[in-house]
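Asker: Residue numbers (numbering that gives the first Met the number 0): 0 to 846.
All residues carry an ideal CB built from backbone N, CA and C; glycine is no exception.
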Amino acid sequence: MSTTEAEPVHEAAHDADRVEPDRYDAVAAQQRWQAYWESEATFAARDTLDEQGSKPRAYVLDMFPYPSGDLHMGHAEAFVMGDIPARYLRLKGHEVLHPIGWDSFGLPAENAAIQRGTHPAEWTYANIETQATSFRRYGLSLDWSRRLHTSDPEYYRWTQWLFLRFRERGLAYRKASFVNWCPKDQTVLANEQVVQGACERCGTTVTKRQLTQWYFRVTEYAQRLLDDMAELEGGWPDRVLAMQRNWIGRSEGAYVDFAVTLGDGSLREEPVRVFTTRPDTLFGATFFVVAPEAPLAAEVVTDEQRPAFEAYLEQTKRITEIERQSTDRPKTGVFLGVHATNPVNGEQIPVYAADYVLAEYGTGAVMAVPAHDQRDLDFARAHDLPVRVVVETGLPDPSETGVATPGDGAYVSSGPLDGLADKAAGVERIVAQLQDDGVGESAVTFRLRDWLLSRQRYWGAPIPVIHCPACGEVAVPDDQLPVELPYLTGAALAPKGTSPLASATDWVNVSCPQCDGPAKRDTDTMDTFVDSSWYFFRYCSPGATDAPFDPDDVRRWMPVAQYVGGVEHAILHLLYMRFFTKVLFDMGLVDFVEPMRRLLNQGQVINQGRAMSKSLGNGVDLGAQIDQFGVDAIRLTVVFAGPPEEDIDWADVSPAGSLKFLQRAYRLAVDVTSAPGTDPRTGDGALRRETHRLLSEVTNAVETQRFNVAVARVMELVNATRRAIDAGPGAGDAAVREAAEVVTVALSLVAPYAAEEMWERLGHTPSVADASWPEADASLLVAETVTCVLQVQGKVRGRLEVSPDVSEDDLRAAALADEGVVRALAGREVAKVIVRAPKLVSIVPGR
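1. Quick check: the Cα distance between Ala15 and Arg609, rounded to an integer number of angstroms?
2. Please state the DSSP three-state secondary structure of Leu416.
3. Once DSSP output is grouped into helix, strand and coil, what is the label at Ile348?
4. On the criterion of 16 or more Cβ atoms from any shown chain inside 10 Å, does Pro499 qualify as buried, or is it exposed?
5. Considering only C-alpha positions, which residue in the set Leu748, Arg721 and His338 is nearest to Glu737?
6. Check Arg428 in the structure and name its three-state DSSP category.
7. Taking the runs of the alpha helix (DSSP H) that are 4 residues or longer, which of them lie wholly in the region 283-318?
8. Find out if the Cβ-Cβ distance for the pair Ala739, Ala668 is shorter than 8 Å.
9. Give me the DSSP bridge partner(s) of Val273.
10. Using a threshold of 8 Å, state whether the C-beta atoms of Arg86 and Ser140 are closer than that.
11. Measure the C-alpha to C-alpha separation of Val843 and Leu225 and round it to an integer number of angstroms.
12. Rounded to whole angstroms, what's the CA-CA distance from Trp506 to Asp436? Just pull it up for me.
13. Identify the residues that DSSP records as bridge partners of Glu440: which are they?
14. If the criterion is Cβ atoms closer than 8 Å, does the pair Gly248 and Phe528 meet it?
15. Along the chain, where does the alpha helix (DSSP H) that runs through Val239 open and close?
16. Have a look at Ala569 and Val194 and give me their C-alpha separation to the nearest angstrom.
17. Within the same chain, show all residues whose beta-carbon is closer than 7 Å to that of Trp213, passing over the 5 residues directly before and after it, in chain order.
18. Who are the near neighbours of Asp61 in its chain, counting only those whose CB is closer than 7 Å to its CB and skipping five residues on each side?
19. Please state if the CB of Gln603 and the CB of Asp651 are separated by a distance shorter than 8 Å.
20. Measuring alpha carbon to alpha carbon, tell me which residue in Phe535, Pro278 and Tyr538 is nearest Gln432.
21. Which residue marks the beginning of the alpha helix (DSSP H) containing Ala27, and which one marks its end?
22. Give me the DSSP bridge partner(s) of Ser510.
23. Fully enclosed by the region 40-91, which beta strand (DSSP E) runs are 3 residues long or longer?
24. Which residue spans inside the region 126-214 form an unbroken alpha helix (DSSP H) run of at least 4?
25. With burial defined as no fewer than 16 other Cβ atoms inside 10 Å of the residue's Cβ, what is the status of Arg596: buried or exposed?
26. Would you call the CB atoms of Val333 and Ala352 closer than 8 Å?
27. Can you give me the C-alpha to C-alpha distance between Ala754 and Thr41, rounded to a whole angstrom?
28. On the DSSP bridge list, what partners appear for His97?
29. Going by DSSP in three states, Asp327 sits in which element: helix, strand or coil?
30. For Thr786, write down the residues that DSSP places opposite it in a beta bridge.
31. Using the C-alpha atoms, what's the distance from Ser771 back to Gly856?
32. Among the candidates Phe162, Ala370 and Gln114, whose CA atom is the shortest distance from the CA of Gly393?
33. Just the Cα atoms here: how many angstroms apart are Gly641 and Pro679?
34. For Ala253, is the classification buried or exposed, using 16 other Cβ atoms within 10 angstroms of its Cβ as the cut-off for buried?
35. Going by Cα to Cα distance, which pick from Asp69, Val805 and Asp521 is closest to Gln130?
Put into structure tokens, the structure is as follows:
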């Protein structure tokens with residue numbers, strides 16, 4: 000469709016002197032129905048139902064928006080995709096909870112405050128009000144009575160309360176370690192927030208820094224996070240489940256203990272424990288590798304080797320983890336001057352620090368089997384270390400080719416395993432030997448690391464812990480929550496490498512709750528993903544003052560029936576909120592372990608084949624598009640453009656064409672002349688069959704999240720109804736009214752303003768949101784006849800209209816009697832007749 004096919008809204012203004020009374024006036028409709036929905040609280044969810052409790056409940060949730068400015072085209076798609084199931088379930092008779100709130104802590108607000116010399120709250124809450132106005136304008140069926148903001152003290156009081164409960168359970172702890180550090184934002188980042196070696200938010204190359212930080216012990220729930228995905232199969236996209244499984248990264252193998260002989264000839268008090276998925280290749284371990292930043296490296300390095308090691312450590316700190324793990328990068332390292340003892344053969348193997356090993360995985364140390372691991376082989380060749388084949392795979396010797404052989408085969412040079420060709424048996428046998436000798440055991444490990452939640456920035460929930468010289472870490476008493484942020488603005492917020500809160504001495508210096516001595520508050524704030532890991536519970540009890548939520552309220556509404564948001568949150572947010580839910584289950588606060596039954600990931604809105612960007616000059620302003628074409632036309636355009644999960648290129652769509660369709664649909668309601676309540680069974684049979692067929696397909700499409708298909712079927716019904724009005728049976732036919740009402744109710748999912756106007760024009764009381772979803776009549780879905788294609792020698796020679804349950808014999812007889820078939824056979828005998836009742840008969844004549 001060209002962009003000139005429909006009269007833009009701003010040109011069809013609702014001035015009575017200019018607008019035809021029988022045309023859909025988008026501007027007037029938006030103003031009228033926004034006011035009506037708000038005054039009537041149309042979409043407010045009721046916590047109590049009738050005495051019988053007969054109305055089912057459904058919770059539909061959109062991922063928390065961040066108030067970085069007004070709504071953009073991405074919001075236009077994301078939030079309409081959540082509005083469709085919310086409106087549909089309401090029409091299907093559910094009491095629907097569809098709330099709204101803002102994830103309002105975070106760096107953008109703090110950086111904006113620094114630039115403007117103001118407080119982050121000014122920027123944050125001004126943007127929230129701008130977005131709230133736009134959300135209302137966009138016709139979303141939201142329950143505004145449950146609105147919340149994570150930066151409100153009454154919200155983050157409970158974020159702090161939950162932190163303390165996690166800490167009591169040993170799930171929140173503090174430790175010193177090398178962490179990801181963003182030099183620009185001057186804060187630490189979780190592993191998940193580092194993308195291709197750079198800060199996810201600002202793109203600055205991430206470095207390493209040693210700090211004492213707070214963590215959540217997510218790893219304690221690693222297996223449950225994997226196992227409980229069985230509940231999500233079929234409800235969550237397969238790619239999201241795969242991404243989470245890969246991130247958790249379960250590996251089966253063994254722990255192996257290596258004794259380390261120090262530079263003075265003595266043994267390190269504790270052996271070094273490493274994890275390997277291939278303990279059966281231990282006889283091929285010819286050296287030992289430690290991450291340079293791992294405490295073990297600095298502990299065991301000899302005095303002679305220490306200068307070289309420290310220089311190498313400083314070099315490593317300047318390299319990103321992505322670079323360190325690159326297979327193409329030369330394998331560098333430094334000998335630490337000590338040796339480890341291979342526990343299966345007593346061999347003394349050299350210990351190196353090498354940057355291809357990362358400190359955060361396991362103990363930060365690995366045994367190196369160069370013949371059967373490419374990275375180990377590259378290191379061995381670079382440092383002239385032995386390469387010993389212990390699995391005969393049938394491939395050339397790696398020491399000659401430089402290509403490792405990680406496959407399976409018969410064991411060689413492996414002591415008791417020699418000659419065995421069964422990997423599983425080899426692993427079992429070597430693990431048994433390790434256990435018998437007390438130097439190892441079978442084990443399962445995970446790639447998943449604990450969640451680093453400390454942030455050295457101001458605009459976040461303060462960590463409710465006090466550090467006392469006498470008592471150590473002391474929790475802030477519950478009756479002193481929330482620990483509110485002190486008032487800091489402008490330059491006081493500028494990144495300094497430590498939290499800006501550290502400069503607020505009146506706030507930092509407090510009395511210890513236990514001994515009443517001088518103490519200091521923790522000056523870090525929490526990762527904003529903590530706020531968004533439990534907000535969906537708070538929506539169930541937005542006014543709760545004695546707990547984060549009422550378990551009865553949560554039981555009433557959850558789990559969430561439909562969750563909608565971007566796939567960019569497939570790991571971070573979705574993993575963390577699943578972890579939080581499992582902890583709350585263990586605390587007895589909820590009675591389920593997975594909070595979201597169904598997940599829909601919408602695509603992006605792009606333009607001219609690329610992401611919208613000011614620098615590219617291809618941005619599209621949502622507000623301007625709405626001003627020109629109206630809300631309904633924009634909503635209809637993003638839904639009709641393609642499947643929800645696919646990207647939409649705004650250059651390829653036509654909101655003007657959508658507006659033209661809405662005018663055509665609205666005209667149906669104008670033209671209908673039969674009275675409301677007219678029995679549709681007295682109407683035209685053909686139109687009724689078409690109506691119910693398309694209604695059935697619309698219903699199926701909505702329930703399977705193929706919203707674009709649902710719109711296409713509504714368009715078909717509009718055309719069929721238009722034909723019935725113009726060419727018979729006419730506007731007064733009862734079937735025409737039925738079709739127009741089906742169009743109106745179905746259209747309300749996507750174009751609510753037009754649907755409200757149509758519903759009222761059809762003689763019904765407001766609102767169409769209070770109507771019922773029509774049910775397709777099964778008796779009208781059965782086709783009265785089916786078209787059967789008749790072929791002779793593979794060419795179509797005729798068609799028959801037959802009963803869907805016609806027998807093969809009857810169909811064969813009818814086909815052979817057809818005039819077109821008789822002419823094609825031209826007197827020849829029939830050699831073969833293939834019948835595929837009721838749709839095909841293929842005839843093969845004799846020679």
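Answerer: Based on what the coordinates show:
1. Note that Ala15 scores a pLDDT of 36, beneath 50, so its modelled location is shaky; the value from the coordinates is reported in the next line. Approximately 42 Å, taken between the alpha carbons.
2. helix
3. strand
4. buried
5. Selected option, being the one with the closest Cα: Arg721.
6. Of the three classes helix, strand and coil, the one that applies to Arg428 here is helix, per DSSP.
7. 294-299 and 305-316
8. Yes. Within cutoff.
9. Val255
10. yes
11. Rounded to the nearest whole angstrom, the C-alpha separation of Val843 and Leu225 is 58 Å.
12. 57 Å
13. Tyr254
14. In this structure, Phe528 does not lie closer than 8 Å to Gly248 by Cβ.
15. Asp237 to Ile247
16. The straight-line gap from Cα to Cα measures roughly 14 Å.
17. For Trp213, where only same-chain residues beyond five positions count, the Cβ hits under 7 Å are Ala171, Arg173, Leu452, Ser453, Ile462 and Asp523.
18. Ala77, Phe78, Gly81, Val563 and Gly564
19. No, these two residues do not count as a Cβ contact at 8 Å.
20. Sorting Phe535, Pro278 and Tyr538 by C-alpha distance to the C-alpha of Gln432 places Pro278 at the top.
21. Ala25 to Glu39
22. Pro517
23. Entirely contained in the region 40-91, the beta strand (DSSP E) runs reaching 3 residues are, in chain order, 56-61.
24. 152-167
25. buried
26. yes
27. Distance between the alpha carbons of Ala754 and Thr41: 15 Å.
28. The partner list for His97 (beta bridge, DSSP) is empty, contrary to what the question assumes.
29. coil
30. Glu800
31. The structure shown does not extend to residue 856, since the chain spans only 0 to 846, so no value can be given for it.
32. Ala370
33. 33 Å
34. Label assigned to Ala253: buried.
35. Nearest option by C-alpha distance: Asp69.
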